[in-house]
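Note sheet for the following structure.
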Amino acid sequence: MVNFLRPYSLKELCDISGATSFKGSSDVVVEGINTLSEANTQELSFLAEDEHVNNFKSLQDVIATKASIVLINSAHDIAGIENNVISHENPRVGISNILSECCVNNSSLICPGEIDKTATVSANNVSISSGVSIGANVVIGAKCTIGPNVTIMANVVIDDNVTIGAGSLIYPNVSIYKGVYIGKECVIQSGAVIGSNGFGYARTETAKWQYIPQLAVVKLGDGVHIGANTCVDRGFIEDTVVGDGCIIDNQIQVGHNVKIGEDTAIAGCSAIAGSSKIGKRCMFGGGVGIAGHISICDDVMLTATTNVNRSITEPGVYSSGMHAKPRTLWQKSIARFYRLDDMAKKIRVLEKGYATILSLTKKEVEKNSA
């Protein structure tokens, strides 16, 4: 359960969610939000299955819930639902609006507009705008520009020549390397590293690895979200760029020179090798791997654990890999997989033999007909 800042009525929640209609008593009041199975009569709950509006089990969960108010997709038939109902075209957006407006923001770990006395800010041409909050032990290098209402939490290290746009939120223990540009309203979660050196090495004649200086930077567009412990490497001589509105989950590797188009979403534990280009509005499931120096066009969806080793030029849904199955069945399948080449050779021999038999039979029929 999550408590609201104060009690809210059905009418208020409908307006806050952005919905256009509701069913029930407009002045009924709830004090928090909970799941369908756990909610009580003082709470709001929701069904966010936008793409499964005819899911019978989910509708039964709505009917069975004790929640006083339920927010559901407007495509649902609400005739059999006795609860007060908010009908929303996009329930996830509606719930997001309610949580943002009605609940305590748990990111407020420092006093707004204050700079902690333990923070170290360079005296060399640092510009800090109004409303900036800086937590304990933060380090800010020379010639940095911090926009209005930026929040920088404890132990963040910001190197020289970094720009952070208005309203951005940097969680504790983030490292931002030299020259990085962060747009407006960005969120960077704890442990993320932005602008670390790209994986660039040349092999010498003696088989030793010689480091190639990575001299470009990282540029994050407006409204970009970077998850915890994600690394975005700086470019070699071409910037690494993450477009406006991208959401990048935890523990993701973005290699040097990578370009990610606007509004692309990438789930946890994925990796994009250097110099690859990702289009706009793409969606990658968890554990996706992208080889280096390839391009993926706009509006591509990659299901979880998909590996891509060549460019994708047509929008659509792509998959690879083998899903989990019982161990004994998996062992049999793998054993057969490794015999496929021999089986293919045998089939070709059989096909040739069959073709020969057909040819001889045809000649025999023609001979007898004559």
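Numbering (this note's numbering), first residue to last: 4 to 373. For each residue, glycine too, the CB sits at the ideal point set by N, CA and C.
If you ignore the 5 residues before and after alanine 294, its C-beta comes within less than 6 Å of the C-beta of Ala276 and Asn312, all in its own chain and listed in chain order.
In its chain, beyond the 5 residues on either side, Met156, Gln192 and Ser193 have a beta carbon closer than 6 Å to the beta carbon of tyrosine 174.
Looking at the backbone, the Cα of methionine 346 and that of methionine 325 are separated by about 21 Å. DSSP, reduced to helix, strand and coil, places proline 94 within a helical segment of the structure shown. In this chain, the alpha helix (DSSP H) harbouring arginine 330 covers 330-341. Between glycine 168 and serine 136, the C-beta spacing is not below 8 Å. Of all C-beta pairs linking the region 321-335 to the region 298-312, three or more are shorter than 8 Å, placing the two stretches in contact. By the C-beta criterion, the region 91-109 is judged not to be in contact with the region 130-145, since fewer than 3 inter-stretch pairs fall below 8 Å. One thing to note: lysine 187 has its Cβ no nearer than 8 Å to the Cβ of glycine 246. In the structure shown, the three-state DSSP call for glycine 319 is strand. Between arginine 237 and tyrosine 184, the C-beta spacing is not below 8 Å. Just so you know, the alpha carbons of glycine 264 and aspartate 163 end up roughly 27 Å apart. For serine 20, the enclosing alpha helix (DSSP H) covers residues 13-20.
Between leucine 47 and leucine 74, the beta carbon gap of about 7 Å places them in contact (Cβ cut-off 8 Å). Per DSSP, the unbroken beta strand (DSSP E) holding arginine 206 starts and ends at 204-206. For the set Ser61, Ala219, Val88 and Ala82, the Cα lying nearest the Cα of alanine 70 is the one of Val88.
Runs of beta strand (DSSP E) with 3 or more residues, each lying fully within the region 168-253, are found at 196-199, 204-206, 212-214, 221-223, 234-236 and 243-245, listed in chain order. The alpha-carbon of threonine 154 is positioned some 32 Å away from that of valine 33. Partner residues in the beta bridge of phenylalanine 25, as assigned by DSSP, are Ile89. With a threshold of 16 other beta carbon atoms within 10 Å, glycine 356 falls short and is exposed.
A distance of 8 Å or more separates the beta carbons of lysine 262 and lysine 283. In this structure, the alpha-carbon of valine 65 lies about 18 Å from that of cysteine 17. By the beta-carbon neighbour count (other beta carbons within 10 angstroms, threshold 16), valine 141 is buried. Secondary structure note for glutamate 46: its beta strand (DSSP E) is the uninterrupted segment 46-49. Within a 10 Å sphere around the beta-carbon of histidine 79 sit 16 or more other beta-carbons, which makes this residue buried.
In this structure, DSSP gives alanine 347 a helical state, which the three-state scheme calls helix. With fewer than three CB-CB distances shorter than 8 Å, the region 204-212 does not count as touching the region 223-230.
Take threonine 121, set aside five residues on each side of it, and the residues of its chain with a beta-carbon closer than 6 Å to its own are Ala139 and Asn140, in chain order. The DSSP-derived three-state label of lysine 262 is strand. Shown here for valine 124: same chain residues with a beta carbon closer than 6 Å to its own, the five before and five after excluded, namely Ile143 in chain order.
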